[in-house]
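*Asks:* Taken in sequence, the protein lines are chains Y and F. Numbered according to numbering that gives the first Met the number 0, the first sequence spans residues 0 to 449. Numbered according to numbering that gives the first Met the number 0, the second sequence spans residues 0 to 449.
2 protein chains.
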Amino acid sequence: MKVEILTIGDEVVRGEIVDSNKALIAQRLLGLDLECQHQVSLRDDPADMRAAFKLAIERSDVVIVSGGLGPTRDDLTTEVLAETLGRELELDDDSLEQMKSFFARVGREMAETNRKQAFFPTGSDILKNPVGTAPGFSVEENGTVFFCLPGVPRELSLMLEEQVLPRVEARLESLGSVTRIRARLLRTFGVGESTLEKQLSTIAREGDVELAFRTSFPDNFLRVMARGASIEAADVKIESVVQQIHEHLGDLVYAEGEERMEEVVGGLLTEQGRTVALAESCTGGLIAEKLTDVPGSSAYFLGGVVAYANSAKEAILGVPSSLLEEHGAVSSQVARSMAEGVCKRFGADIGVSTTGISGPGGGSPEKPVGLVHVAMYQRPAEGRHETEGFIHSSEFIFPLDRTRHRVLTTQTVLDWLRRRLLGVELIDPDLLRTKGGSSAPGLGGTQKKQ
Amino acid sequence: MKVEILTIGDEVVRGEIVDSNKALIAQRLLGLDLECQHQVSLRDDPADMRAAFKLAIERSDVVIVSGGLGPTRDDLTTEVLAETLGRELELDDDSLEQMKSFFARVGREMAETNRKQAFFPTGSDILKNPVGTAPGFSVEENGTVFFCLPGVPRELSLMLEEQVLPRVEARLESLGSVTRIRARLLRTFGVGESTLEKQLSTIAREGDVELAFRTSFPDNFLRVMARGASIEAADVKIESVVQQIHEHLGDLVYAEGEERMEEVVGGLLTEQGRTVALAESCTGGLIAEKLTDVPGSSAYFLGGVVAYANSAKEAILGVPSSLLEEHGAVSSQVARSMAEGVCKRFGADIGVSTTGISGPGGGSPEKPVGLVHVAMYQRPAEGRHETEGFIHSSEFIFPLDRTRHRVLTTQTVLDWLRRRLLGVELIDPDLLRTKGGSSAPGLGGTQKKQ
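(1) Which residues, taken in chain order from the segment 2 to 32 of chain F, show a beta carbon closer than 9 Å to some beta carbon of chain Y?
(2) Let's test the definition: count the other Cβ atoms within 10 Å of the Cβ of S215 of chain F and tell me whether it reaches 16, buried, or not, exposed.
(3) If the cut-off is 8 Å on Cβ atoms, which residues from the segment 346 to 380 of chain Y count as contacting chain F, listed in chain order?
(4) Could you list the residues in the segment 290 to 308 of chain Y with a C-beta less than 8 Å from some C-beta on chain F, going in chain order?
(5) So that I know if they touch, is there some Cβ in chain Y lying closer than 8 Å to that of D47 of chain F?
(6) Taking the alpha carbon of N462 of chain F as the point to measure from, which residue in F:M260, F:A338, F:N309 and F:E313 has its own alpha carbon closest?
(7) Could you name the residues of the segment 100 to 133 of chain Y whose beta carbon sits closer than 9 Å to any beta carbon of chain C, in the order they occur along the chain?
(8) Against chain Y, with Cβ distances strictly below 8 Å, would T178 of chain F count as a contact?
(9) List the residues of chain F that C35 of chain Y touches, going by C-beta distances under 7 Å, in chain order.
(10) Whole angstroms is fine: what's the gap from P152 of chain F's alpha carbon to T354 of chain F's?
(11) Quick check: is the beta carbon of S310 of chain F nearer than 8 Å to any beta carbon in chain Y?
(12) Can you tell me where the beta strand (DSSP E) with I390 of chain F in it begins and where it stops?
(13) Output needed for E10 of chain F: all residues of its chain with C-beta closer than 6 Å, excluding positions within five of it in sequence on either side, in chain order.
(14) Give the DSSP-derived three-state secondary structure of G360 of chain F in the structure shown.
(15) To the nearest angstrom, how far is it from the Cα of L5 of chain F to the Cα of Y253 of chain Y?
(16) Pick out whichever of Y:A103, Y:A81, Y:G369 and Y:E154 has its Cα sitting closest to the Cα of F119 of chain Y.
(17) Spatial neighbours of S59 of chain Y within its chain, please: C-beta separation below 7 Å, excluding the five flanking residues on both sides.
(18) If you scan the segment 2 to 35 of chain F from start to end, which runs of the beta strand (DSSP E) of 3 or more residues do you find wholly inside it?
(19) Count the other CB atoms within 10 Å of the CB of N128 of chain Y; is the residue buried (16 or more) or exposed (fewer)?
(20) Between V318 of chain Y and chain F, is the shortest Cβ-Cβ distance under 8 Å, so that the two count as touching?
(21) Rounding to the nearest angstrom, what Cα-Cα distance links L290 of chain Y and Q198 of chain Y in this structure?
(22) Roughly how many whole angstroms lie between the Cα atoms of G14 of chain Y and E255 of chain F?
(23) Between which two residues does the beta strand (DSSP E) harbouring P149 of chain Y extend?
(24) What is the residue span of the alpha helix (DSSP H) that S280 of chain F lies within?
(25) What is the DSSP secondary structure of G340 of chain Y, reduced to helix, strand or coil?
(26) Can you tell which of Y:V264, Y:A287 and Y:G150 has the C-alpha that lies nearest to the C-alpha of T76 of chain Y?
(27) Which ranges would you report for the beta strand (DSSP E) in the segment 32 to 89 of chain F if only whole runs of at least 3 residues count?
(28) Starting from S462 of chain F, trace the alpha helix (DSSP H) both ways and give me its first and last residue.
(29) Using a Cβ cut-off of 8 Å (strictly closer), state whether E288 of chain F contacts chain Y.
(30) To the nearest angstrom, report how far apart V39 of chain Y and G369 of chain F are at their CA atoms.
(31) Using only CA atoms, which one of Y:A306, Y:S100 and Y:T121 lies nearest to L90 of chain Y?
(32) Where does M224 of chain Y fall in DSSP's three states?
(33) Decide if the segment 279 to 293 of chain Y is in contact with the segment 279 to 286 of chain F; the criterion is three or more beta carbon pairs, one per stretch, under 8 Å apart.
(34) Specify whether the segment 374 to 391 of chain Y and the segment 304 to 322 of chain F touch according to this definition: at least 3 beta carbon pairs, one from each stretch, less than 8 Å apart.
(35) Within 10 angstroms of its Cβ, does K53 of chain Y collect 16 or more other Cβ (buried), or is it exposed?
(36) So who's on the other strand from V371 of chain Y, going by DSSP bridges?
Okay, here's the thing in structure tokens:
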């Protein structure tokens, strides 16, 4: 079955908006093992549209059209498609009623121009739009079926899922074509693509299971895709490969699907009833921002200090001025003092800190741009008669631009939190050149000796 | 002149990546007043590519091809285009040498497969790639010229600018076609699109000057586009409209082009030699993150406190516990105390605070989800014998999801800073329903009375 995507609109063709609908439709079709041979973007121009519709009838079985269903004069999809197919436009009373009640619901008056959105080529099947004013429609000609959807991504996405894909699936089944694709995404952090490839080279898998690597900075994603005669059959194949990946990579895989690192950390903190506080210098609030972007984070995130100025490191975090003078703000000693200081000030279980030079300025031969020290302090467990907490720090050089430097440092800190909560070893990301690390339990007093 | 864009690659057609090259190329062509009639995306499939190249020769004068120039077996653009045009592939010695020296420079060995990237269809004009391994090329057939570029956005963007657009421009000039387009983008914050449209309805402009509105949450952008026989002529027209917009909108326009609000604020703080400190609750570090994303921000940003827990508000910012008990953490009293507290703790000139309920949970009938208090404190000016600082606070209800709530609150705070530094009135964004505001200079001691 040949599938084609047409995205229509001057704003798309002019590059004023990035055409994300195309990617969205293509991804969803892939779930039915359908790869689009043709993806075309067009202006709101009747001649261009007519030519594209004709070509699509010649070469494709299914055509998904996005855009051009709005109420304005520029919205021409329905009109031009009807004309191309030699059909009249017919009023659909149901659609008109729904449109009227939509406007009544949001308390606005329906403009006369909206009426045109209730007209469709004769013989159309109406595709309801539960979240907007423009319904879509499908219409068939010479064995080619057009599905026309509004260009608003939220509306398109919902209508694609609920109305278009089931119809496409039914057509596939009527053709006896029953391959299904299932995909899973595993998220890893701290290990380069070449290392991943090497570690996974011995994985056993059937020929119709694909394993692909994709960098989504600062993570590396693994995408497993399996074909089967049914969703269940594809799932069985995929599960076997996913299990093997987990066996090979262990805790390098931090999550699956859409789950972000900060959500994993939040889940662990919630489960264990622990709290965290942050002392950020070079990351400038990015770690706090990530952690608090997760709903419910107030249960485990007590707060943080963005200590950009040395005076703030002293006054708010209690970093001794002698330490700042002797070692400089960007040093393991200061990082450790910041982590311990913030932990105690906020009365948290764990304190983490960053201090570094994200650039572009501020570097020196001894302390180049890209240098960053990260430290973690955990207070002594109650009831276990420990007198000293856990402390760990590492020195990295991330030779990246300012934004990526901050992003990689942030993800490193979040991964340290995850690993500490899981009780596994903290790792230094081998994504990039690093300059060693040092770890020792019970060194809570290290700074004081310096 | 008819222009067509072809983006090639399975990852594009499958929707694994969003096709941003298409938008980038289209935008740049628009500067030459060229609108692409056709934009097509293709798989790495020889038959599909052949058909697309043939169609492009029939219907277009300029074809810009992105992708398929890499070293792997999937990269087929050069080979298939040569075959379609009935040409041989020829080694370009210069390109091979440059490739070798590129690999030497980054300290990697050049793989044998990279050699193929130095072969081009006979009669090609080589397009140098200063930042990657794959050179591009242009080749002409029957009056249609193909420009083939690598798909890596950074490489494509640079080569488009330096190598392709000048060649396209020269072709336009040889055809006597000399319309030029210039565009400018004005960034506004705090005012809705309908208000903007109303305020600008009386602007005088020539017929070939377009004025368009675009929401880029939480801002509204104005795009002015003018056509002229030369860049200078287009600039004159555009300048007249831009000046009128400034007259009508005044300080609602906060910047032009790519400049972000945090850069404007950073520029003003630098100019005036002032410093700032932040006390964030519901924004969770987002304001600090924005401010510190600007290189050089350490000169004016002393630091911030993300005070999520009440205990942190008390211990770190010195908010009286009585205030928290009496009014709750989300109150104007606490917001004012936080702003003054952080300003004094960090020894800054200005302190700003946020405290609110970003949701989805945590609301109550009196304090619904979406409620947020923002406050700003400025310490008494030295040498002017003032004893009390400036303080201002407002209460907003932003009925938005968590992320957008934080983003809008952050932009409001940054805009307050901008306005305070410019010496103009602070405004409450009318983008969304708000619940009044209160301002009074010299109320530094308000909290203490409560």
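All C-beta atoms, glycine included, are put in the ideal place defined by N, C-alpha and C. Just so it is clear, the structure is predicted and the values come from calculations on it, not from any experiment.
*Replies:* The short version:
(1) I4, T6, D9, E10, V11, V12, R13, G14, E15, I16, V17, D18, S19, K21, A22, L23, I24, A25, Q26, R27, L28 and L29
(2) exposed
(3) G346, G358, P359, G360 and G361
(4) L290, T291, D292, P294, G295, S296, S297, F300, L301, G302, G303, V304, V305, A306, Y307 and A308
(5) yes
(6) Missing from the structure shown is residue 462 of chain F; chain F here goes from 0 to 449 and no further.
(7) The structure shown has no chain C; the protein chains it does contain are Y and F.
(8) no
(9) V12
(10) 40 Å
(11) yes
(12) F389 to I396
(13) I16
(14) coil
(15) 37 Å
(16) Y:A81
(17) K1, V2, E3, H37 and T143
(18) 2 to 7
(19) buried
(20) no
(21) 31 Å
(22) 19 Å
(23) Note, P149 of chain Y: premise wrong, no beta strand (DSSP E); not H, not E.
(24) S280 of chain F -> no alpha helix (DSSP H), and no H or E assigned at all.
(25) helix
(26) Y:G150
(27) 37 to 41 and 61 to 65
(28) Since the first residue shown for chain F is 0 and the last is 449, residue 462 of chain F is missing from the structure and cannot be characterised.
(29) yes
(30) 41 Å
(31) Y:T121
(32) strand
(33) yes
(34) no
(35) exposed
(36) Y:G355 and Y:F395
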